[in-house]
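Undergrad:
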């Protein structure tokens, strides 16, 4: 069985190096016939990740894996995701996505495959657990704003993302679904991708034990970054609804956005007594704003700003 792991990266050398080291340590002892190949898609036109992939290929670790480097110079995550996915579809039974600021547990891939094979899943999603840097304010930890999805083990779910997911290759070959290039800079192309997959009949299951960890940098523990991310998440839902051109869904989502914004505004004073409740109120308010503004046509192009920030740092 051939399995590919797709990593989309952009100027994150330390995270990519760490991720490649951990992928080489994957324990597939329960599935000895699995051949694991890693595909790194570099979205930096300068090819800054090429040397990291070369070094990873030259340094042996516990497990030998195939390493492929692809350069996708067209700016935007959907371009890079499509490039990696199309390459991964060649001769594989499954392919996975994981982010370049994450790293998996040693049994990550085995647990994803166990669930997929046992349940005949079209896709399997696993939890992403935050790892905070030293000095992170206590209120940030208590707020749980970085906590991801959590479901009953092996339950069927209706959504997924590319931060920890395994997909059956034949499903994508059959339905030919791709990441929407119109979401080039606003983010959320994975949200739309899996919505389209579910609409086409994809069965997604949850694997509680297929864990990956996400390194949270200090810059993300600031109010400004967290506020922008919540607006973007709400905006993603609205952009997807507008692209779907389904008027009932657009109207329904608009009502949800207004309700969340109003609830958040009313409960925001809870910040004075509880960081967790107050942050929850802020999340409602900001996501509601993102939804309502998105329905009116605004796109929060977070990834253009991230690209600019990293280019300034590199300079």
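In this note's numbering, the protein residues as written are 274 to 588. Where is the CB? At the ideal position from N, CA and C, for every residue including glycine. Computed from a predicted structure; not experimentally measured.
#1: In the DSSP assignment, the beta strand (DSSP E) including residue 397 goes from what residue to what residue?
#2: So does the segment 559–569 actually touch the segment 513–525, counting three or more Cβ pairs closer than 8 Å?
#3: If you run the structure through DSSP and keep just helix, strand and coil, what is residue 374?
#4: Near residue 318, what residues of its chain come up, given a Cβ to Cβ distance below 7 Å and the 5 sequence neighbours on each side ignored?
#5: Within the same chain, show all residues whose beta-carbon is closer than 7 Å to that of residue 550, passing over the 5 residues directly before and after it, in chain order.
#6: For residue 591, which option in 538, 379, 462 and 340 has the closest C-alpha, if you only look at C-alpha atoms?
#7: Give a yes or no on whether the C-beta atoms belonging to residue 442 and residue 370 are separated by under 8 Å.
#8: Whole angstroms is fine: what's the gap from residue 352's alpha carbon to residue 313's?
#9: Would DSSP call residue 561 helix, strand or coil?
#10: Tell me the start and end of each unbroken alpha helix (DSSP H) in the segment 359–443 that is at least 4 residues and wholly inside, in chain order.
#11: Within 10 Å of its beta-carbon, does residue 440 have 16 or more other beta-carbons around it, so buried, or fewer, so exposed?
#12: With residue 506 as the anchor, note down where its alpha helix (DSSP H) starts and where it stops.
#13: Quick test of the definition: if touching needs 3 or more C-beta pairs under 8 Å, does the segment 504–513 touch the segment 418–431?
#14: State the DSSP-derived secondary structure class of residue 529, mapped to helix, strand or coil.
#15: In the DSSP output, which residue or residues are listed as bridge partners for residue 648?
#16: Does DSSP classify residue 539 as helix, strand or coil?
#17: Contact check, residue 362 vs residue 307 under 8 Å by CB: the rounded distance?
#18: What first and last residue would you give for the beta strand (DSSP E) that runs through residue 487?
#19: For residue 493, does the three-state DSSP call read helix, strand or coil?
#20: Between which two residues does the alpha helix (DSSP H) containing residue 325 stretch?
#21: Which residue marks the beginning of the beta strand (DSSP E) containing residue 281, and which one marks its end?
#22: So, at 6 Å on beta carbons, what are the nonlocal neighbours of residue 372 in its own chain, with the 5 sequence-adjacent residues on each side left out?
#23: Answer with buried or exposed for residue 535, where buried requires no fewer than 16 other C-beta atoms within 10 angstroms of its C-beta.
#24: Considering only C-alpha positions, which residue in the set 344, 297, 355 and 322 is nearest to residue 380?
#25: On the DSSP letters alone, give me the boundaries of the beta strand (DSSP E) that residue 477 sits inside.
#26: With distances taken Cα to Cα, identify the nearest neighbour of residue 421 among 552, 393, 402 and 309.
#27: For residue 359, is the classification buried or exposed, using 16 other Cβ atoms within 10 angstroms of its Cβ as the cut-off for buried?
#28: Kindly indicate which three-state DSSP category residue 287 falls into: helix, strand or coil?
#29: Have a look at residue 341 and residue 541 and give me their C-alpha separation to the nearest angstrom.
#30: Just tell me which of 400, 288, 481 and 331 has its CA closest to the CA of residue 490.
#31: Is it buried or exposed, residue 496, if we count other Cβ atoms within 10 angstroms and call 16 or more buried?
TA: Straight from the coordinates:
#1: Element bounds for residue 397: 396–398.
#2: As far as the Cβ criterion goes, the segment 559–569 touches the segment 513–525, which means the pair count is three or higher.
#3: Residue state, collapsed to three classes: coil.
#4: Result list for residue 318: 346, in chain order.
#5: Answer for residue 550: 543, listed in chain order.
#6: In the structure as shown, the chain starts at 274 and stops at 588, and residue 591 therefore has no counterpart that could be examined.
#7: Taking 8 Å as the Cβ cut-off, residue 442 and residue 370 do not qualify as a contacting pair.
#8: Answer to the nearest angstrom: the Cα atoms are 13 Å apart.
#9: Helix at residue 561.
#10: Whole alpha helix (DSSP H) segments, 4+ residues: 381–392 and 411–416.
#11: Its Cβ being crowded by 16 or more others within 10 Å, residue 440 is buried.
#12: Here the alpha helix (DSSP H) through residue 506 covers 496–517.
#13: Contact fails: fewer than three Cβ-Cβ distances are below 8 Å.
#14: In this structure, residue 529 counts as helix in the three-state DSSP scheme.
#15: In this structure the chain extends from 274 to 588, so residue 648 is not present and cannot be described.
#16: Residue 539 falls in the helix class under three-state DSSP.
#17: Under the criterion of beta carbons closer than 8 Å, residue 362 and residue 307 do not qualify as touching, at roughly 17 Å.
#18: That run of the beta strand (DSSP E) goes 485–488.
#19: Reduced to three states, the DSSP call for residue 493 is helix.
#20: Element bounds for residue 325: 323–331.
#21: Following the DSSP letters along the chain, one finds residue 281 inside the beta strand (DSSP E) bounded by residues 275–282.
#22: So the list reads 436, once near-sequence residues are dropped.
#23: By the C-beta density criterion, residue 535 is exposed, having fewer than 16 other C-beta atoms within 10 angstroms.
#24: The shortest C-alpha separation from residue 380 is found at 297.
#25: It spans 477–479 - the beta strand (DSSP E) in which residue 477 sits, taken as one unbroken run.
#26: Closest option to residue 421, Cα to Cα, is 402.
#27: Exposed is the label assigned to residue 359, since fewer than 16 other Cβ atoms lie within 10 Å of its Cβ.
#28: Residue 287 falls in the helix class under three-state DSSP.
#29: Cα atoms of residue 341 and residue 541: separation of roughly 48 Å, rounded to the nearest angstrom.
#30: Ranking the options by Cα distance to residue 490, first place goes to 288.
#31: Burial call: exposed.
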